[in-house]
Structure formats: C-alpha cells, structure tokens
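Chemist: Residue numbers (my numbering): 116 to 481.
Note that the Cβ used here is the ideal one computed from N, Cα and C, for glycine as well.
Here it is: the structure, laid out below.
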Amino acid sequence: MSFLTCYRQYNWNSIQSDIYQKTPADVERVLSKRGSRTLEDFKILVSPAADCYLKEMAAISRLLTRQRFGNIVQMYIPLYLSNECTNSCKYCGFSKKNEIPRITLSIDQVLSEANVIKNMGFEHVLLVSGESKTVDVDYLKTCINILQPHFANISIEVPPLEQVHYESLIEAGLHAVYIYQETYGPEYSIFHPKGKKSDFNYRLLTPDRLGAAGVYKMGLGFLIGLDDWRTDAWFMAAHLDYLVKTHWRSKYCISFPRLRAAAGNFRPPIEISDRQLVQLICAYRIFDENVELSLSTRETELFRDHVFQLGITAMSAGSKTSPGGYSLFNDILDQFQVEDLRTPEQVTAMISAKGYKPVWKDWFRM
Ligand code: SF4
C-alpha cells in the first residue's frame, strides 16, 4: 500500500466539482462540529461557500493553535547550496532554460554562509538546492556534518532521493525533509516537461520513502497558483491524512508557497487573493490541529504580521534565495522574489510585540 494507490482512487474533476457545490449550510455544520474533521469536511472548508465564514474559521483556527502549540513561533532560514538544475520547471528562476550564472557552493562557502546565518541567531537551517550532479548524497552528507556543530536543527529541501539515501542522511543528523508535490493535478506534466522531475509518481511517493526511512519530520506543500488551489489543497489534505495514519512516527509540516514572478517571465495561471490564502491556512488548522504550519518571506510584511496569529507555527526571516546570498555574491539571480525584506531582529520584535514567543531552538541532538 502506498499513497499512489489512494491517489488513483480519486478523480480530480469530481473532487473539484464536489468542492464547488458545497453550501453555507454545509459550512455551518462543519464549523459547529467538535473534534476532528474528515476529508469530506475539508472539501467544505476550502469551498467558495466558506468564504463568508472566514471570521469564524479564523477564530477556530487561532484557538486550536493556541491550545496545541501555545504562543510560540519557530524561526528558520534557508541556505541555498546551488542554483544548478537539470530540470526546466516553467515557474522557476533556476530552470535550466534560464541563462543565469550557476554555482554550487564549496564546503568553505557553505561555512561562510552558515557563519552569517548563525550570527543572526538561527539554530534551524534549511538547505536548498536544484537537481544537479554537484549536489549528490555525499555532498549533502558533508554539508550536514560540517554544519552539525553550529546548528541544532538541519533540514533539506532538495530533489527526491531514494530511501537508502535518506537513511544515511538521517544517520548523519538530518532532522526534516521538505518535499512539495507542486500540483496534484492533471497539468503536472505541462509545468514539468523534462528531466527527472517530470516523473509525477516518483515525486508523489517520496513521502512514503521518507516515512520508511524514519525521518523525524516531513514538510508538504503545493505551489499555490499552478492549478485550482481548492482542489490541490484537498489532494494534499488526503496525502497528509494518509501519511499521518501510515507513517505515524513522523511529524508533519505544511508550507504555503504562493507563486511569485521569476526569471523566464512566468506568470502564475491562477491568482489567489490574500483572503483566500487565509481561508486555506485556517482550513488546514481546523482539519489537523497537530500539523505545523509555516509561512515564508514570499509573503508581505503586512500579510505575515496579521496572519501568523491565525495558525502559523514557523516563520522564516532575513531569507536570501540564491546560493551565496548572505555573504558571498549579490549578483546571482534569486529563485523567486522575497516580499518581506525585514531582518530577523525586526521580525522577531514584531512577533514578541504581538504577545508571541519566537523560538530559535527547540531541539537538542545528543
Ligand atoms: S523548481 Fe527545483 S527542480 Fe524545478 S527548475 Fe527549479 S530548482 Fe530545478
């Protein structure tokens, strides 16, 4: 049994049609429920009918978050290892079709970046790269080994690997893996026409390989703006539901990457408003009170300052989205545009001013 078996039982068009037929009475019924909500309930929470109930959804989401997580917000920062990539995802600044300077950081350069990040106060670093021969398992393992003494918590967001590779990275000290399906919809192959990433099933089964490898935490996400966000959200909720029941030893986190402009003049085919993004965040919290929810600097200062209080448990700050962006180069193109340009100090001051506690370290590796 794998998620692919579950996935094949669902039909994109009929799930989408179900979501769009929900009524205000359905929303009132789900919001008045006590205890856990089902996947059928999730269709209602992300439906157009729920838009008029955003205030009620936000209140429930906020309450559930305070009950389960208290008033903490975990702080993390990405460290881009490489912008080399053999794929040509249509929405990405690092697509091999874009003629930009390419680099994979040497180990000394990784340490130089880490030094700047450490001085900002971060204990949780997320290593990011495209798909290339230069970023193989040995390179990742070396990065984890040299960063271990400096950080409490090291995660990766890199192309999918085999179970045995995850096992060796976990052995080296890897804490979490973030792997986004991008879209669960029928247009996946249009956005990922070539390269390894065009293999939809291999990507879809990555969380199963991670669960089998025994990873501590997995991060899920879909690119908001590639296809109908309500339907993609439901498929990801189904994926989360399956994973929580199957790989129950792992913890889960959901991110909300809203598509931004990138090199190559890509324009997201679907627009999602701020209000709709709030609905999406609240829907996941009401569906699963244990899942961590993360909001990155892709979102504006104004949006983050208000919305993090409704259910978010992790935030990045001071992020650069290019390799060497913290200490080495300022002329390499970013993977995507960052909207919140504040320093970590400014972001954590805002979090504290709103009565929350920014947490730099919540893990100690013996
Ligand atoms: S999204 Fe990832 S795999 Fe696709 S082009 Fe960008 S870096 Fe490469």
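(1) Counting Cβ pairs closer than 8 Å, one from the stretch 400-412 and one from the stretch 347-361, do we hit at least three?
(2) Just curious, the alpha helix (DSSP H) that L355 is in, first and last residue?
(3) Going by the C-beta, is G245 closer than 6 Å to any heavy atom of the ligand SF4?
(4) May I ask whether a heavy atom of the ligand SF4 can be found less than 6 Å away from the beta carbon of N202?
(5) Measuring alpha carbon to alpha carbon, tell me which residue in V292, Q278, C200 is nearest N268.
(6) Considering only residues of the stretch 199-277, which uninterrupted beta strand (DSSP E) runs meet the minimum length of 3 residues and lie entirely inside it, listed in chain order?
(7) Is K311 close to the ligand SF4? I mean its beta-carbon at under 6 Å from any heavy atom of the ligand.
(8) Looking at Y254: is its Cβ nearer than 7 Å to the Cβ of H290?
(9) Quick one: is L119 buried, meaning 16 or more other Cβ sit within 10 Å of its Cβ, or exposed?
(10) Going by C-alpha to C-alpha distance, which of N260, V225, P384 sits closest to T298?
(11) Given the structure, does C207 come close to the ligand SAH, in the sense that its CB is under 6 Å from one of the ligand's heavy atoms?
(12) If you draw a straight line from the alpha carbon of R413 to that of Q296, how long is it in whole angstroms?
(13) State yes or no: is the C-beta of S467 nearer than 6 Å to some heavy atom of the ligand SF4?
(14) Cβ of S270 within 7 Å of Cβ of L226?
(15) Cβ of S437 versus every heavy atom of the ligand SF4: is any distance shorter than 6 Å?
(16) Bridge partners of G334, per DSSP?
(17) If contacts are defined as beta-carbon pairs under 8 Å, then V279 and V250 qualify, I think. What distance do you get, rounded to the angstrom?
(18) I'd like to know whether the C-beta atoms of S203 and L425 end up nearer to each other than 7 Å.
(19) For T346 and M481, what's the separation of their Cα atoms in angstroms?
(20) Just reading off the alpha helix (DSSP H) that Y317 is part of, what are its end residues?
(21) Kindly indicate which three-state DSSP category P139 falls into: helix, strand or coil?
(22) Give me the DSSP bridge partner(s) of R373.
Modeler: A quick look at the data gives this:
(1) yes
(2) Reading the sequence shown from its first residue, position 240 is the one you call residue 355. 344-361 is the span of the alpha helix (DSSP H), which, as asked, contains L355.
(3) The residue you call residue 245 lines up with position 130 of the sequence shown. G245 Cβ: within cutoff of the ligand SF4.
(4) Here residue 202 is taken as the residue at index 87 of the sequence shown, counted from 1. Under cutoff, so the answer is yes.
(5) As a first step, residue 268 must be located in the sequence shown, where it is residue number 153. Of the candidates V292, Q278, C200, the one whose C-alpha sits nearest the C-alpha of N268 is V292.
(6) 239-244, 268-272
(7) For the purposes of this step, residue 311 is taken as the residue at position 196 of the sequence shown. No, the beta carbon of K311 sits no closer than 6 Å to any heavy atom of the ligand SF4.
(8) The sequence position of residue 254 within the sequence shown is 139, counting from 1. The sequence position of residue 290 within the sequence shown is 175, counting from 1. No.
(9) Sequence index remark: in the sequence shown, residue 119 carries index 4 (1-based). With fewer than 16 Cβ atoms within 10 Å of its Cβ, L119 is classed as exposed.
(10) Along the sequence shown, read from residue 1 onward, the residue named residue 298 stands at position 183. Of N260, V225, P384, the residue nearest in Cα terms is P384.
(11) No copy of the ligand SAH occurs in the structure displayed; its ligands are the ligand SF4 alone.
(12) Mapped onto the sequence shown, residue 413 falls at position 298. Mapped onto the sequence shown, residue 296 falls at position 181. Computed Cα separation, rounded: 18 Å.
(13) Counted from its first residue, the sequence shown places residue 467 at position 352. The answer is no for S467.
(14) In the sequence shown, counting from the first residue as 1, residue 270 sits at position 155. In the sequence shown, counting from the first residue as 1, residue 226 sits at position 111. Cβ atoms of S270 and L226: not closer than 7 Å.
(15) In the sequence shown, residue 437 corresponds to position 322, counting from 1. Not under cutoff, so the answer is no.
(16) Here residue 334 refers to the residue found at position 219 of the sequence shown. Answer is Y293, C368, bridged to G334.
(17) Counting from one through the sequence shown, the residue named residue 279 turns up at place 164. Counting from one through the sequence shown, the residue named residue 250 turns up at place 135. Cβ-Cβ separation between V279 and V250: approximately 17 Å, too far for a contact (criterion under 8 Å).
(18) Locating residue 203 in the sequence shown gives position 88, counting from the first residue. Locating residue 425 in the sequence shown gives position 310, counting from the first residue. Their beta carbons are not under 7 Å apart, which means S203 does not touch L425 by this criterion.
(19) As a position in the sequence shown, residue 346 is number 231, starting the count at 1. As a position in the sequence shown, residue 481 is number 366, starting the count at 1. When the Cα atoms are used, T346 and M481 turn out to be separated by approximately 42 Å.
(20) In the sequence shown, the residue the question calls residue 317 occupies position 202. Start and end: 315-319.
(21) One-based indexing of the sequence shown puts residue 139 at position 24. In this structure, P139 counts as helix in the three-state DSSP scheme.
(22) The count along the sequence shown starts at 1 and reaches residue 373 at position 258. Its beta-bridge partners are I339.
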